[in-house]
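Engineer: My questions will all concern the structure given below.
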Amino acid sequence: MIQKVLIANRGEIALRIIRACRELGIKTLAVYSEADVQSLHVQLADEAICIGGPRSADSYLKADRIIAAAEIADVDAIHPGYGFLSENARFAEQCEKCNIKFIGPKSKSIEMMGNKSVAKETVRKAGVPIVPGSDGPVDSEAEAITFARKAGYPVIIKAVAGGGGRGMRIAHNDISFAKEFHVARNEAEKAFGNGAVYIEKYIEKPRHIEFQILADAHGHVIHLGERDCSVQRRHQKLIEESPSPFLTPSLRKAMGKAAIRAATAAAYENAGTIEFLVDAKGNFYFIEMNTRIQVEHPVTEEVTGIDLVKQQIHIANGEKLPFGQGDIVTKGHAIECRINAEDPARNFAPSPGTIGLYYPPGGHGVRVDSHAYSGYAIPPYYDSMIGKLICYGKTRQEALRIASRALNEYLIRGIKTTIPLHRAIMSDPVFMEGKATTAYMEDFFARTPPDVFV
Ligand code: ADP
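Terminal number for the sequence shown in this note's numbering: 1361, no gaps in between.
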């Protein structure tokens, strides 16, 4: 049984994992970089070990040092959180070899799903619809253009090793394709050390709807409903909610079944997410699987009442899922706003610095997952997300009202944040009517003067 967990992460997700462990009576070890000495995860964990310099490459991505820390402190398991080493198959394998439980899927599943074209081929064979395209990497421009014409313009060129909304280019015809193909390959090489790209039909104004999966080591795979993550800027999620205002019960059922087939095809174990794009007619297409806990997991927790991080630990312990598909009932509506240290009035320029006053909202229906506090100096080396505001109401309308109220209460002085942007979106008619697609933010910016975000 797991008695002590190393948390190979920082920020709000490290706190989230510490909380789950503490409630389960499990000891925690934080690892941290020199820039994170003042971080809350270091202060709240039972033990903490510094593993290197401020840059991620010198600390949170140093697998060997993390494993060494695990051995020194004699932990049974490592929780990787999201980002950093969470989807690194080699790291999971290293843990397996050192007899340390990796709280996540087996390295083989990570490897299979981490390569986007292998992932698509795997789920296609399991009968899950995928976006038409090259289905595998394309090397030459001539070969790529053939696929692009076959799929029909517009097409999207995606990095095989891509992630975080990066490494994607859209082309509308042969001429723009030739240019974007080379740009995409160069960018992919620089960002991911792998220049391989593949081609997909670009679905116009789709919704991004993903299903939360839980799978145990005994072959049980269930889903916990969906999250609608259509509100995105540059392919990066800003707001997520559950349930999706777009899905009908029959479409939800069909997509849930497809998600389970996809996870089963990957021999999946632990918590994971199957991401789909859904067009206006309700056709859905698998785009990728995330083999880790996601940033937006709390909205699922709020509507199902299930603590996903605790379930991850139970699964890693080899326990059977305590519920079946028929036991999963969702209730009410939850919405999450990502609070980033960025200036929405200045094209989302990063805004690191020292927080003056920090006052998070509270009250009925409000949950804040954040590592921020008054006087906290945000290091410039990491992700700009400093917190998540999750609001829960009996209906979508109530959840939105609670979110508006909470955003008005949320005080973060000394730095710029995305709070004013969220406030504007919560009262925007298109969003309020549940009509946002992935094209929503662009349209919203085009019709909203930037002084709204100040
Ligand atoms: P990443 O792994 O970088 O997050 P994804 O494949 O999950 O990349 O895609 C992220 C977002 O990019 C999607 O939510 C969607 O908005 C957009 N996108 C990806 N593929 C397509 C496509 N074929 N057509 C239209 N939009 C797409």
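Virtual Cβ for every residue (Gly too), placed ideally from N, Cα, C.
Give the secondary structure of Tyr1347 by DSSP, where H, G and I count as helix, E and B as strand, and everything else as coil.
Structural biologist: Within the sequence shown, the letter at position 440 stands for residue 1347. If DSSP states are grouped into helix, strand and coil, Tyr1347 belongs with the helices.
Engineer: Tell me the DSSP secondary structure of Asn1197 in three-state form.
Structural biologist: On the sequence shown, position 290 is the one that residue 1197 refers to. Asn1197: strand per DSSP, three-state reduction.
Engineer: Take Asn1006 as the anchor and find which of Arg997, Glu994, Asp983 has the nearest alpha-carbon.
Structural biologist: Within the sequence shown, the letter at position 99 stands for residue 1006. It is Asp983.
Engineer: Determine which residues share a DSSP beta bridge with Thr1171 and list them.
Structural biologist: Within the sequence shown, residue 1171 is the residue found at index 264, counting from 1. In DSSP, Thr1171 forms no bridge with anything.
Engineer: Between Ile1064 and the ligand ADP, is there a pair consisting of the residue's CB and a ligand heavy atom that are separated by less than 6 Å?
Structural biologist: If you number the sequence shown from 1, residue 1064 lands on position 157. Because no heavy atom of the ligand ADP lies under 6 Å away, the Cβ of Ile1064 does not count as near it: no.
Engineer: For the 8 Å Cβ check, are there 3 or more pairs between the region 1213-1220 and the region 1186-1197?
Structural biologist: Segments in contact, no.
Engineer: Pick from Val912, Arg917, Ala1223: whose alpha carbon is nearest that of Gly932?
Structural biologist: Position 25 of the sequence shown, counted from the start, is the residue given in the question as residue 932. Ranking the options by Cα distance to Gly932, first place goes to Val912.
Engineer: I'd like the list of long-range same chain contacts for Asp1361, defined as Cβ closer than 7 Å, with 5 residues on each side in sequence excluded.
Structural biologist: Here the question's residue 1361 lines up with position 454 in the sequence shown. A small fix is needed here, since residue 1361 is Val in this sequence, not Asp. For Val1361, where only same-chain residues beyond five positions count, the Cβ hits under 7 Å are Ala1252, Pro1327.
Engineer: Enumerated in chain order, which unbroken segments of the beta strand (DSSP E) with a length of 3 residues or greater are wholly contained in the region 1234-1306?
Structural biologist: Runs of the beta strand (DSSP E) inside the region 1234-1306: 1240-1247, 1273-1277, 1292-1300.
Engineer: If I measure Cβ to Cβ from Phe1054 and keep anything under 7 Å in the same chain, skipping five residues before and after, which residues do I get?
Structural biologist: As a first step, residue 1054 is located in the sequence shown; it is residue number 147 there, counting from the start. Gly1040, Ser1041, Val1045, Ile1106, listed in sequence order.
Engineer: Using 8 Å as the Cβ pair cut-off and three pairs as the minimum, do the region 1305-1322 and the region 1346-1357 touch?
Structural biologist: No: fewer than three Cβ pairs fall under 8 Å.
Engineer: Please report the distance separating the alpha-carbon of Glu1316 from that of Met1292.
Structural biologist: For the purposes of this step, residue 1316 is taken as the residue at position 409 of the sequence shown. For the purposes of this step, residue 1292 is taken as the residue at position 385 of the sequence shown. Distance between the alpha carbons of Glu1316 and Met1292 is about 19 Å.
Engineer: Does the beta-carbon of Glu1195, which I'm using as the reference point, lie nearer than 6 Å to any heavy atom of the ligand ADP?
Structural biologist: By 1-based counting over the sequence shown, the position of residue 1195 is 288. Yes, the Cβ of Glu1195 comes within 6 Å of a heavy atom of the ligand ADP.
Engineer: By Cβ distance below 7 Å, which residues in the same chain neighbour Ala1026 in space, the five residues on each side in sequence not counted?
Structural biologist: As a working note, residue 1026 is residue 119 in the sequence shown. Contacts found: Met1019, Met1020, Glu1195, Met1196.
Engineer: Do Ile1326 and the ligand ADP come close, with the Cβ less than 6 Å from some heavy atom?
Structural biologist: As a position in the sequence shown, residue 1326 is number 419, starting the count at 1. No, the beta carbon of Ile1326 sits no closer than 6 Å to any heavy atom of the ligand ADP.
Engineer: Taking C-beta to C-beta, are Ala1066 and Phe1099 nearer than 7 Å?
Structural biologist: Looking up residue 1066 in the sequence shown gives position 159. Looking up residue 1099 in the sequence shown gives position 192. Their beta carbons are under 7 Å apart, which means Ala1066 touches Phe1099 by this criterion.
Engineer: Figure out for me which residue from Pro1259, Val1210, Leu1264 has the closest Cα to the Cα of Ile1297.
Structural biologist: As a first step, residue 1297 is located in the sequence shown; it is residue number 390 there, counting from the start. Selected option, being the one with the closest Cα: Val1210.
Engineer: Just grab the DSSP bridge partners of Thr1180 for me.
Structural biologist: Counting from one through the sequence shown, the residue named residue 1180 turns up at place 273. Paired residue(s): Gln1119, Asn1197.
Engineer: Tell whether a beta-carbon distance below 7 Å holds between His1278 and Glu919.
Structural biologist: Indexing the sequence shown from 1 puts residue 1278 at position 371. Indexing the sequence shown from 1 puts residue 919 at position 12. For His1278 and Glu919, yes; Cβs fall inside 7 Å.
Engineer: Any heavy atom of the ligand ADP closer than 6 Å to the beta-carbon of Thr1261?
Structural biologist: Sequence index remark: in the sequence shown, residue 1261 carries index 354 (1-based). Thr1261: no, Cβ never under 6 Å from the ligand ADP.
Engineer: Look up Asp1335 in the DSSP assignment and give the residues it is bridged to.
Structural biologist: For the purposes of this step, residue 1335 is taken as the residue at position 428 of the sequence shown. Asp1335 pairs with nothing; no bridge assigned.
Engineer: Apart from the five residues just before and just after Gly1321, which ones in its own chain have a Cβ nearer than 7 Å to its Cβ?
Structural biologist: Here residue 1321 corresponds to residue number 414 of the sequence shown, with the count starting at 1. So the qualifying residues of the chain are Gly1260, Thr1261, Ile1262, Gly1263.
Engineer: In whole angstroms, give me the CA-to-CA distance for Glu967 and Gly1011.
Structural biologist: Taking the first residue of the sequence shown as 1, we reach residue 967 at position 60. Taking the first residue of the sequence shown as 1, we reach residue 1011 at position 104. Checking the sequence, you will find Tyr at residue 967 rather than Glu. Near 17 Å, if we compare the C-alpha coordinates of Gly1011 and Tyr967.
Engineer: So, does the region 1240-1255 touch the region 1155-1168, judging by three or more C-beta pairs under 8 Å?
Structural biologist: The region 1240-1255 vs the region 1155-1168: no contact.
Engineer: What do you reckon, are the CB atoms on Ala1091 and Phe1084 nearer than 7 Å?
Structural biologist: Position 184 of the sequence shown, counted from the first residue, corresponds to residue 1091. Position 177 of the sequence shown, counted from the first residue, corresponds to residue 1084. No. Outside cutoff.
Engineer: What did DSSP end up calling Cys1002 once you bin it into helix, strand or coil?
Structural biologist: Numbered from its first residue, the sequence shown carries residue 1002 at position 95. Helix at Cys1002.
Engineer: Which residue comes first and which comes last in the alpha helix (DSSP H) that contains Leu1215?
Structural biologist: In the sequence shown, the residue the question calls residue 1215 occupies position 308. Element bounds for Leu1215: 1215-1223.
Engineer: Taking C-beta to C-beta, are Ile958 and Ala976 nearer than 7 Å?
Structural biologist: Here residue 958 refers to the residue found at position 51 when the sequence shown is read from its first residue. Here residue 976 refers to the residue found at position 69 when the sequence shown is read from its first residue. Against a cut-off of 7 Å, the Cβ pair of Ala976 and Ile958 comes out as a contact.
Engineer: Is the CB-CB distance between Ile909 and Asn1177 below 7 Å?
Structural biologist: Position 2 of the sequence shown, counting from 1, holds the residue named residue 909. Position 270 of the sequence shown, counting from 1, holds the residue named residue 1177. In this structure, Asn1177 does not lie closer than 7 Å to Ile909 by Cβ.
Engineer: Which partner residues does Cys957 have in the DSSP bridge list?
Structural biologist: Indexing the sequence shown from 1 puts residue 957 at position 50. Looking at the DSSP assignment, Cys957 forms a beta bridge with Tyr939.
Engineer: If we count the other Cβ atoms within 10 Å of its Cβ and call it buried at 16 or more, is His1125 buried or exposed?
Structural biologist: Residue numbering aside, residue 1125 sits at position 218 when the sequence shown is read from its first letter. Result: exposed.
Engineer: At a cut-off of 6 Å, is Gly1071 close to the ligand ADP when judged by its beta-carbon and the heavy atoms of the ligand?
Structural biologist: Here residue 1071 refers to the residue found at position 164 when the sequence shown is read from its first residue. Yes, the ligand ADP has a heavy atom inside 6 Å of this Cβ.
Engineer: Report the rounded CA-to-CA distance for Met1333 versus Cys1244, giving the unit in angstroms.
Structural biologist: One-based indexing of the sequence shown puts residue 1333 at position 426. One-based indexing of the sequence shown puts residue 1244 at position 337. Those two C-alpha atoms are separated by around 10 Å.
Engineer: My output table needs one value for His1125: the three-state DSSP class, helix, strand or coil.
Structural biologist: Locating residue 1125 in the sequence shown gives position 218, counting from the first residue. The answer is coil: DSSP assigns His1125 none of H, G, I, E or B.
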